[in-house]
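Note sheet for the following structure.
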Amino acid sequence: MNAIVNSPRPAARVAPHPTHVLKMLVKREMWESWSQFIRAPLVAGAVFLLFTIIGGGAGQMAFLRHTSGEIEINGQRMQLSQVNWTELLSKASPSDMAQFHDVVNLATVFSGVWPLLVFGVVVFFYLLGSLSDDRRDRSILFWKSLPVSDTAMVLSKLVTALVVAPLLALAAALVVMLGSGLIVTVLLAINHANPFTLYWAQLDPLTILAGLVAWLPGYILWALPTAGWLMLCSAWARNKPLLWAILVPCIAGLLVSWFDLLRIFNLESSWFWNNVVGRLLTSAWPGSNIASTIDAHVGGTPNLHLDLPTVLGIVAPRALYTSPSLWIGAVAGIAMIIAAIRLRRWNVEG
Amino acid sequence: MNAVIKAQHLRKAYKNTLALDDASFTIAPGRIVGLIGPNGAGKTTALKAILGLVPFEGQLDVLGRDPRTQRDDLMNDVCFIADVAVLPRWIRVRQAAEFVEGVHPRFDRARFERFIANTKLTPNMRVSEMSKGMIVQLHLALVMAIDARLLVLDEPTLGLDILYRREFYQRLLEDYFDEDKTILITTHQVEEVEHILTDVMFIQGGKVVLDAPMDVLGERFTEVLVNADRLDAARALKPINERAMPFGKTVMLFDSVPAETLNTLGETRTPGVADLFVATMKGTYA
Numbered sequence: 008m009n010a011i012v013n014s015p016r017p018a019a020r021v022a023p024h025p026t027h028v029l030k031m032l033v034k035r036e037m038w039e040s041w042s043q044f045i046r047a048p049l050v051a052g053a054v055f056l057l058f059t060i061i062g063g064g065a066g067q068m069a070f071l072r073h074t075s076g077e078i079e080i081n082g083q084r085m086q087l088s089q090v091n092w093t094e095l096l097s098k099a100s101p102s103d104m105a106q107f108h109d110v111v112n113l114a115t116v117f118s119g120v121w122p123l124l125v126f127g128v129v130v131f132f133y134l135l136g137s138l139s140d141d142r143r144d145r146s147i148l149f150w151k152s153l154p155v156s157d158t159a160m161v162l163s164k165l166v167t168a169l170v171v172a173p174l175l176a177l178a179a180a181l182v183v184m185l186g187s188g189l190i191v192t193v194l195l196a197i198n199h200a201n202p203f204t205l206y207w208a209q210l211d212p213l214t215i216l217a218g219l220v221a222w223l224p225g226y227i228l229w230a231l232p233t234a235g236w237l238m239l240c241s242a243w244a245r246n247k248p249l250l251w252a253i254l255v256p257c258i259a260g261l262l263v264s265w266f267d268l269l270r271i272f273n274l275e276s277s278w279f280w281n282n283v284v285g286r287l288l289t290s291a292w293p294g295s296n297i298a299s300t301i302d303a304h305v306g307g308t309p310n311l312h313l314d315l316p317t318v319l320g321i322v323a324p325r326a327l328y329t330s331p332s333l334w335i336g337a338v339a340g341i342a343m344i345i346a347a348i349r350l351r352r353w354n355v356e357g
Numbered sequence: 150m151n152a153v154i155k156a157q158h159l160r161k162a163y164k165n166t167l168a169l170d171d172a173s174f175t176i177a178p179g180r181i182v183g184l185i186g187p188n189g190a191g192k193t194t195a196l197k198a199i200l201g202l203v204p205f206e207g208q209l210d211v212l213g214r215d216p217r218t219q220r221d222d223l224m225n226d227v228c229f230i231a232d233v234a235v236l237p238r239w240i241r242v243r244q245a246a247e248f249v250e251g252v253h254p255r256f257d258r259a260r261f262e263r264f265i266a267n268t269k270l271t272p273n274m275r276v277s278e279m280s281k282g283m284i285v286q287l288h289l290a291l292v293m294a295i296d297a298r299l300l301v302l303d304e305p306t307l308g309l310d311i312l313y314r315r316e317f318y319q320r321l322l323e324d325y326f327d328e329d330k331t332i333l334i335t336t337h338q339v340e341e342v343e344h345i346l347t348d349v350m351f352i353q354g355g356k357v358v359l360d361a362p363m364d365v366l367g368e369r370f371t372e373v374l375v376n377a378d379r380l381d382a383a384r385a386l387k388p389i390n391e392r393a394m395p396f397g398k399t400v401m402l403f404d405s406v407p408a409e410t411l412n413t414l415g416e417t418r419t420p421g422v423a424d425l426f427v428a429t430m431k432g433t434y435a
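Right under this line is the structure:
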């Protein structure tokens, strides 16, 4: 080690590999924004868990006070602590069992929703500031003094927003799911029920994990137009990128609605709001694609049986990949990102 | 050896002003060049053109590359400090070093640590906790640890106290500069840099009005403390500037007048860059 430090310095090391530079740039983004991307989803999840504990505790108290610990099962009143759960489960009909199984799994999945919702807000503002904050505080003059291309710089921010940050949000969601599982375990144990047979044995962790991982590629493609639009505004606007990002599509939408411009194409104005304004502004929100594909997925089944695969199928629908909106939006998003890179080349000051 | 910077007919127009107006100059390697001019003369625009931060017209060759089209490659050999305190406020000393090390092939971490050792900076300190002088120390340490061929400094010490300013230039001269490196500096504090410069370049209204090595400057320009009785004789030699002093004496500045002629007029001395600057820029704001 010392020998290297003290030996005469070589003229120049080999230029770092592009992926190494990209990794370094993403690391830089995380240094700057880690508290938004890690702390915010975790705090949201922690608040949810806290309310779950308070709610569970209050329910427990109410239950003990009003029922003196007795419940009614199949018309028989008995002390909760004396219920033989194993026997009950073994006697339950297959449809009842299936329903119970679904309740356990879906409750677990939904407990992980909060970190993802908060991530949706965080990523919106991150993208909006991604190419304007460093111009405002002039630190761009430092970043641009290093041999890093504008393309690498912009791509690192995109990768942070659409890959690293959602993975962290998913990790936070899993932590919260685990936390809610532990709370359920404790509540069951207090009531002398076996948490293993009643909760953990019913859980399909691999299905849940696979479902969440399957959600990511669809999310990335779906979010591209919003990411592109927000980064474009961020690269272009001198200040107040938020105003530009919201006003431009909304005013365009109002003009389209007032003058009914889409009549020419035999389309309602709502088409523009859904497919242009909505896609530019809301697509980075996890689950924003659900509205567009839910019809394709569950349309015409009024008595939908909500089990785990169905719900995960709604969250990460296969139909999404055949929807033109996804691919056209992704192409538009990439075009806007290229435009943002070009703007970044000369837009240095404020 | 080839020129580090070769600029020909640079032109850059903003909405209402011409920031660069047919500016041409050449900078050789191993020089410390002071680019000096009044506010709005085009100094910063010239530097930004060299650094590929603004588009412009004309030919510009920096280390064999065109900053407009080959900027990414150029930045391997060029380093700059544009303006004071532009380091991001959230970054820590340790992170700044790690980042530059990660992206710059010519950054030497050990050198950086050596420069930092002489300051109050600690690895975990954030820029937001530093004084302006400390931010500049950090930035300078980062830049000096990069073995670049051209270093561009745009008002690097603006707003710093005299201790930091002195230290800044001292460091640059002692620990950084050598015959393979070229430094281009703009500053208003001419007096503080003139002893380290090898060349000066005056820029006014987007044009280069004077471009000379310091030693030539001393031969060319002479300042004379003219006695009252020799005023008319002195004026006949067309001084480029004159200003009155107390007790009836007048200081005149001459360009390319032989020393033996001037010696008869009064006491002579070599003018400072600041005096030359004032004389050359007469009427800029009129």
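Protein chains in written order, with the working numbering: chain B, 8 to 357; chain H, 150 to 435.
Note that CB positions come from ideal geometry on N, CA and C, so glycine has one too.
I need the straight-line Cα distance from residue i to residue j, nearest angstrom please.
i	j	result
B:LEU237	B:SER137	9 angstroms
B:ALA114	B:GLY285	29 angstroms
H:ARG217	H:PRO204	7 angstroms
B:ASP267	B:ASN273	10 angstroms
H:ARG243	B:TYR133	24 angstroms
H:LEU212	B:TRP150	21 angstroms
B:VAL12	H:ILE199	Residue confidence is low: B:VAL12 scores 42 on pLDDT, short of 50, so the model does not pin down where it sits. Its coordinate-derived value is still stated next. Rounded to the nearest angstrom, the two C-alpha atoms are 33 angstroms apart.
B:ASN282	B:SER332	7 angstroms
H:THR331	H:ARG214	16 angstroms
H:GLY179	H:LEU425	24 angstroms
H:ILE168	H:GLU343	As written in the sequence, residue 168 of chain H is Ala, which differs from the Ile given in the question. Rounded to whole angstroms, H:ALA168 to H:GLU343 spans 25 angstroms at the Cα level.
B:LEU223	B:ALA168	12 angstroms
B:VAL110	B:LEU210	10 angstroms
B:PHE131	H:THR193	35 angstroms
H:THR324	H:THR429	In the sequence under discussion, the amino acid at residue 324 of chain H is Asp, which differs from the Thr named in the question. When rounded, the distance between both Cα atoms is 33 angstroms.
H:ASP171	H:TYR434	21 angstroms
H:GLY415	B:ARG351	59 angstroms
H:ALA231	H:GLY282	15 angstroms
B:LEU162	H:MET363	47 angstroms
B:HIS108	B:VAL129	34 angstroms
H:LEU359	B:PRO173	58 angstroms
B:ALA65	B:ARG72	10 angstroms
Name the DSSP bridge partner or partners of residue i?
i	result
H:CYS228	H:LEU300
B:VAL273	Going by the sequence as given, residue 273 of chain B is Asn instead of Val. For B:ASN273, which the question treats as bridged, DSSP gives no partner whatsoever.
H:GLN208	H:GLN157
H:PHE351	H:ILE185, H:LEU359
H:VAL174	The sequence given here has Phe at residue 174 of chain H, not Val. According to DSSP, which records beta bridges pairwise, H:PHE174 is partnered with H:ALA156.
H:VAL375	H:THR399, H:GLY415
H:LEU169	H:LYS161
B:ASN296	B:ASN296 pairs with nothing; no bridge assigned.
B:GLU79	B:ARG84
H:GLU391	H:MET401
Does residue i pass the burial test, meaning 16 or more other C-beta atoms within 10 Å, or should it be called exposed?
i	result
B:MET8	Legend: pLDDT at B:MET8 = 39, less than 50; position of this residue unreliable, value from coordinates given subsequently. B:MET8 comes out exposed.
B:LEU216	exposed
B:TYR226	buried
H:VAL365	exposed
H:GLU328	exposed
H:GLN208	exposed
H:TYR163	exposed
B:ALA69	exposed
H:MET279	buried
H:GLY305	According to the sequence displayed, residue 305 of chain H carries Pro and not Gly. Flag for H:PRO305 reads buried.
B:ASP103	exposed
B:ASP404	With chain B running from 8 to 357 in the structure shown, residue 404 of chain B is simply not present.
B:VAL155	buried
H:ASP201	The question names Asp, yet the displayed sequence has Gly at residue 201 of chain H. H:GLY201 comes out buried.
H:MET224	buried
Given 8 angstroms as the limit, tell me if residue i has its C-beta closer than that to any heavy atom belonging to the ligand SAH.
i	result
B:TYR226	What this structure holds is no ligand at all, so the ligand SAH is not there to describe.
Mind listing which residues of the segment 146–161 of chain B have their C-beta closer than 9 angstroms to chain H's C-betas, in chain order?
-> Under the 9 angstroms Cβ criterion, the segment 146–161 of chain B contributes SER146, ILE147, LEU148, PHE149, TRP150, LYS151, SER152, LEU153, PRO154, VAL155, SER156, ASP157, THR158, ALA159.
Near-chain H residues of the segment 114–143 of chain B (beta-carbon distance less than 8 angstroms), N- to C-terminal order | For the segment 114–143 of chain B, which is checked against every Cβ of chain H, the residues closer than 8 angstroms are ASP141.
Those runs of the beta strand (DSSP E) which lie wholly inside the segment 285–347 of chain H and span at least 3 residues = Positions of the beta strand (DSSP E) runs, each at least 3 residues long and wholly inside the segment 285–347 of chain H, are given as 299–303, 331–335 in order along the chain.
Please list the residues of the segment 30–52 of chain B that have a C-beta atom closer than 7 angstroms to any C-beta atom in chain H, keeping them in chain order.
-> Of all residues in the segment 30–52 of chain B, MET31, ARG35, TRP38, GLU39 have a Cβ within less than 7 angstroms of some Cβ in chain H.
Could you give the uninterrupted runs of the beta strand (DSSP E) lying entirely in the segment 178–254 of chain B, keeping only those of 3 residues or more?
-> When DSSP assignments are scanned along the segment 178–254 of chain B, no uninterrupted stretch of beta strand (DSSP E) that is 3 or more residues long falls wholly within it.
Report the residues of the segment 205–228 of chain H with a CB closer than 7 angstroms to any CB of chain B, ordered along the chain.
-> For the segment 205–228 of chain H, the set of residues with a beta-carbon nearer than 7 angstroms to any beta-carbon of chain B comprises ASP221, MET224, ASN225, CYS228, in chain order.
Can you list, in chain order, the residues of the segment 160–176 of chain B whose Cβ is nearer than 9 angstroms to any Cβ on chain H?
-> Those would be none; no residue qualifies.
Near-chain H residues of the segment 232–243 of chain B (beta-carbon distance less than 9 angstroms), N- to C-terminal order | When C-beta distances to chain H are compared with 9 angstroms, every residue of the segment 232–243 of chain B stays at or above that value.
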